[in-house]
Amino acid sequence: MRILTAYQPPSEGRAIVAGFDVVEESLEVRRRVGYLPETVPLYMDMTVLEYLDFMAALRRLPNADQCVDEAIQRVNLGDRVESYIGNLSKGMKQRVGLAQAVLHKPEVLILDEPTIGLDPVQVVEVRNFIRELGQDHTVLLSTHILSEAQQLCNRVLIINKGHIVAEDRPENLQARLAGAERITIELAGDSDGAVDVISGVKGVLTVEPISDGVFEVEITPGQEIRPAIVRALTRAGQDVVEVHSRGVDLEQIFLELTRSDNKAKGKHQLQKKKKE
Amino acid sequence: MRNIWTIAWKEFKLYFSTPIFYIISAMVFLFLGVIFYSNIAQIISSASSSSSSGGATDLPGAVMLGPLLTILLFATPAITMRLVAEENSLGTIELMLTAPVRDSELIIGKWLGASLFTSVLVGLTWIYPIFLHAITKPNGIDQGPLVSSYLVLLLLVWALVAVGVCVSAPFKNVTAAFFASLMVSLGLWVSGLGASALSYSGGTGGTSLLGTILQYLDFTSHFYNTAYNGRLDLTDIVFYVSIIVLMLFFATRIIESRRWR
Chain A
11 MRILTAYQPP SEGRAIVAGF DVVEESLEVR RRVGYLPETV PLYMDMTVLE YLDFMAALRR
71 LPNADQCVDE AIQRVNLGDR VESYIGNLSK GMKQRVGLAQ AVLHKPEVLI LDEPTIGLDP
131 VQVVEVRNFI RELGQDHTVL LSTHILSEAQ QLCNRVLIIN KGHIVAEDRP ENLQARLAGA
191 ERITIELAGD SDGAVDVISG VKGVLTVEPI SDGVFEVEIT PGQEIRPAIV RALTRAGQDV
251 VEVHSRGVDL EQIFLELTRS DNKAKGKHQL QKKKKE
Chain B
115 MRNIWTIAWK EFKLYFSTPI FYIISAMVFL FLGVIFYSNI AQIISSASSS SSSGGATDLP
175 GAVMLGPLLT ILLFATPAIT MRLVAEENSL GTIELMLTAP VRDSELIIGK WLGASLFTSV
235 LVGLTWIYPI FLHAITKPNG IDQGPLVSSY LVLLLLVWAL VAVGVCVSAP FKNVTAAFFA
295 SLMVSLGLWV SGLGASALSY SGGTGGTSLL GTILQYLDFT SHFYNTAYNG RLDLTDIVFY
355 VSIIVLMLFF ATRIIESRRW R
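Quick note, the sequences are listed as chains A and B, same order. Converting from the first sequence to our numbering requires adding 10 to each position, the first position being numbered 1. Converting from the second sequence to our numbering requires adding 114 to each position, the first position being numbered 1.
Structure below.
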């Protein structure tokens with residue numbers, strides 16, 4: 011992210027943002043990028059309005075006042091413009107940071123963990139705002155929250171230890187891993203021998219007891235064998251309480267893709283890209 | 115150029131919206147006032163006992179300029195400590211450097227803002243010479259040394275600000291930045307003493323290369339030996355200006371060093 015915002019040069023290779031090289035045309039890149047770092051960069055001794063005016067002046071916006079007004083409207087900060095930033099709540103500060111990032115209507119918006127540390131209501135607000143921004147900006151956001159990436163973006167990049175391990179639309183990534191469809195089965199009472207019964211059913215690949223009376227079953231995709239499993243269990247005298255198809259979400263894709271490295275405890279990062 | 119001014123103006127205004135201005139000016143004027151009063155009282159009492167002549171020439175220097183300079187030596191690091199160190203600790207440095215602003219513009223802007231602020235502070239101390247002029251009979255004080263002293267004093271303070279900007283640049287901790295700038299400023303303050311110590315211990319009385327450098331670097335000698343006595347010397351002006359340029363250049367390099375770290 012720091013490379014794309016021209017803060018640090020790449021150690022190798024090139025990076026081009028909005029058609030400009032981050033090293034050779036760094037000022038051009040910086041003019042076209044809006045950036046919200048993970049720790050929101052705010053001057054605590056300034057009011058919201060002073061801060062945004064200052065940023066507008068730095069970016070030399072021709073119609074600075076209008077841009078500031080629009081940004082304030084967009085993040086819904088109208089009633090706090092005269093407050094000192096140091097006195098605002100975390101969610102409010104996040105909004106000021108977002109206002110700063112969209113001030114100059116950048117072609118590319120880079121958001122680093124924008125919902126971290128917010129309460130659930132604020133998370134929803136920020137996510138809605140990001141979705142809205144995606145309509146007329148290219149938004150690149152990094153997140154560790156996989157469901158967030160799944161909800162918000164149309165292109166996901168999974169980066170593991172500095173290498174891209176997957177890049178696709180979230181639904182395509184799901185389809186790619188559909189080969190590992192899983193269901194969980196919960197039984198009531200004594201579940202001795204249930205493993206043998208389930209694995210006896212045609213189409214069951216593996217059976218794994220998760221806890222007392224709960225099993226995770228991997229099945230051949232594309233076949234509906236859940237009724238057959240339930241029938242077999244009932245015939246064996248077991249009471250089936252719940253059968254639940256888990257589907258495949260990004261969490262699983264992520265685990266799948268980084269499985270070999272999991273033991274090494276590397277820092278995994280998932281990036282998602284939303285393209286206009 | 116416009117970016118420099120935008121940053122400088124923001125820094126300048128920020129001094130007045132935080133308690134820093136009020137605390138530092140209280141410190142400067144309280145100490146200066148006490149010293150000024152006691153010096154005046156002393157002069158009046160000694161003048162009444164023996165009629166000394168020629169005292170009027172260095173009067174402002176003796177009663178206030180020297181003390182003002184010493185107070186500013188301690189006040190300037192407090193003024194400059196947050197300039198870059200706070201940006202580093204708040205992470206706003208990332209904001210500045212991902213905005214279309216050159217590293218040098220950021221540094222010069224910060225220096226200019228703090229220099230403007232210290233200039234206001236120094237400008238306010240004019241009340242003492244004005245007062246002195248009013249009470250000195252019959253012709254008032256000699257204004258030549260006063261003006262030359264103030265001019266070079268301003269340059270000296272701007273150089274101190276540049277030292278503060280440069281030294282605080284690698285720090286994240288504001289307190290550490292304060293003490294580091296104070297240490298460097300004090301070092302430049304007493305480097306002349308180091309030079310004399312070298313020449314004594316050498317026994318020869320001559321000057322070694324190191325001694326010459328230390329003597330040249332002495333911040334106070336470029337003030338007290340010339341401007342203080344009413345003489346404007348170009349070498350002093352060149353000295354302070356080159357310190358400013360050099361320090362701002364190093365500060366820019368420090369900011370840029372993120373690129374190869």
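Every residue, glycine too, gets a C-beta built ideally from N, C-alpha and C. This structure is a prediction, so every number in the text was calculated from the model and none was measured.
Counterpart residues of residue i in DSSP-defined beta bridges
i, result
"A:E226", "A:T194, A:E218"
"B:V277", "Bridge partners of B:V277: none, in fact."
"A:G44", "A:L119"
"A:I26", "A:D31"
"A:T57", "A:Y94"
Any C-beta of chain A under 7 angstroms from that of residue i
i, result
"B:L205", "The amino acid occupying residue 205 of chain B in the given sequence is Gly; Leu does not appear at that position. So, interface residue."
"B:V215", "yes"
"B:R196", "no"
"B:R373", "yes"
"B:L307", "no"
"B:K124", "yes"
"B:T289", "no"
"B:T132", "yes"
is_contact[residue i, chain B] using C-beta, thresh 7 angstroms
i, result
"A:L68", "yes"
"A:Y61", "no"
"A:R37", "Position check: residue 37 of chain A holds Leu in this sequence, whereas Arg was assumed. Yes, A:L37 lies at the interface with chain B (some Cβ there is under 7 angstroms from its Cβ)."
"A:P72", "no"
"A:T148", "no"
"A:Q281", "Its pLDDT being 46, under 50, A:Q281 is placed unreliably by the model, and the measurement read from it follows with that caveat. Judged by the 7 angstroms Cβ criterion, A:Q281 is not in contact with chain B."
"A:D122", "no"
"A:R90", "no"
"A:T125", "no"
"A:P19", "yes"
"A:P116", "no"
"A:D31", "no"
"A:T153", "no"
"A:R40", "yes"
Residue i - containing beta strand (DSSP E), residue span
i, result
"A:E92", "Run containing A:E92: none; DSSP gives neither H nor E here."
"A:D79", "Run containing A:D79: none in the beta strand (DSSP E); it sits in the alpha helix (DSSP H), 74–84."
Residue j beta carbon less than 7 angstroms from that of residue i
i, j, result
"B:A341", "B:S263", "yes"
"A:L243", "A:V207", "yes"
"A:L62", "A:P124", "no"
"A:T289", "A:E92", "Chain A is shown from 11 up to 286; residue 289 of chain A falls before or after that span and cannot be answered."
"B:G212", "A:R40", "Looking at the sequence provided, one finds Thr at residue 212 of chain B rather than Gly. Result yes, Cβ atoms of B:T212 and A:R40 sit closer than 7 angstroms."
"A:K103", "A:L68", "no"
"B:Y129", "B:F231", "yes"
"A:V217", "A:V227", "yes"
"B:V281", "B:V298", "yes"
"A:C163", "A:L113", "no"
"B:G223", "B:I121", "yes"
"B:A273", "B:A199", "no"
"B:I193", "B:A228", "yes"
"B:A365", "B:I221", "yes"
"B:M178", "B:A276", "no"
"B:M195", "B:V288", "yes"
"A:A16", "A:S36", "yes"
"A:V211", "A:A238", "yes"
"A:I168", "A:L59", "no"
"B:E201", "B:I118", "no"
"A:I13", "A:P20", "yes"
"B:I185", "B:F143", "no"
"B:G205", "A:T49", "yes"
Unbroken alpha helix (DSSP H) run spanning residue i, endpoints
i, result
"A:H254", "Run containing A:H254: none in the alpha helix (DSSP H); it sits in the beta strand (DSSP E), 249–255."
"B:G325", "323–331"
"B:D350", "348–370"
"A:S201", "No alpha helix (DSSP H) contains A:S201, which DSSP labels as neither H nor E."
"A:R245", "236–245"
"A:Y17", "Per DSSP, A:Y17 belongs to no alpha helix (DSSP H) and is neither H nor E."
"B:T78", "Nothing can be reported for residue 78 of chain B, as the shown portion of chain B is limited to 115 through 375."
"A:L108", "100–112"
"B:Y338", "335–338"
Proximity test, Cβ basis, 7 angstroms: residue i and chain E
i, result
"A:F64", "In the displayed structure, chain E is absent; the protein chains listed are A and B."
What residue ranges within the region 144–189 of chain A form continuous alpha helix (DSSP H) runs of no fewer than 4 residues, ordered along the chain?
156–162, 180–186
For the region 202–262 of chain B, which segments carrying the alpha helix (DSSP H) assignment without a break, of at least 4 residues, lie completely within its bounds, in sequence order?
206–212, 217–238, 241–249
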